[in-house]
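K.L.:
The structure follows.
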Amino acid sequence: MTQYQIQQEIIRVKKALNKTTSKHLKNDYGKYLKRLERRWNDSRIKN
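Numbering (the working numbering), first residue to last: 7 to 53.
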């Protein structure tokens, strides 16, 4: 995934997080978001 794709995915997940009320989904999205942001930071440091 390119940095741009990761950024788009982060935005998409944040929007989904705002829409959902399910605790399970919020948990999963939160974990996914952390992983994405970590990957985005790693790729930013390398370049």
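The beta carbon of each residue, even a glycine, is placed where N, CA and C say it ideally should be.
Could you give the residue range of the alpha helix (DSSP H) that holds S49?
P.N.:
K29 to K52
K.L.:
Compute the minimum distance between the beta carbon of A22 and the heavy atoms of the ligand PLP, and state whether it is under 7 Å.
P.N.:
Only the bare structure without any ligand can be found here, which leaves the ligand PLP out of the picture.
K.L.:
Output yes or no for whether 8 Å exceeds the beta carbon distance between I16 and L39.
P.N.:
yes
K.L.:
Just to confirm my understanding: we take W46, look at its own chain, exclude 5 residues before and 5 after, and list those with CB closer than 8 Å. What are they?
P.N.:
Q9, I12, Q13 and I16
K.L.:
In chain order, what residues of the same chain have a beta carbon less than 8 Å from the beta carbon of E43, not counting five sequence neighbours either side?
P.N.:
I16
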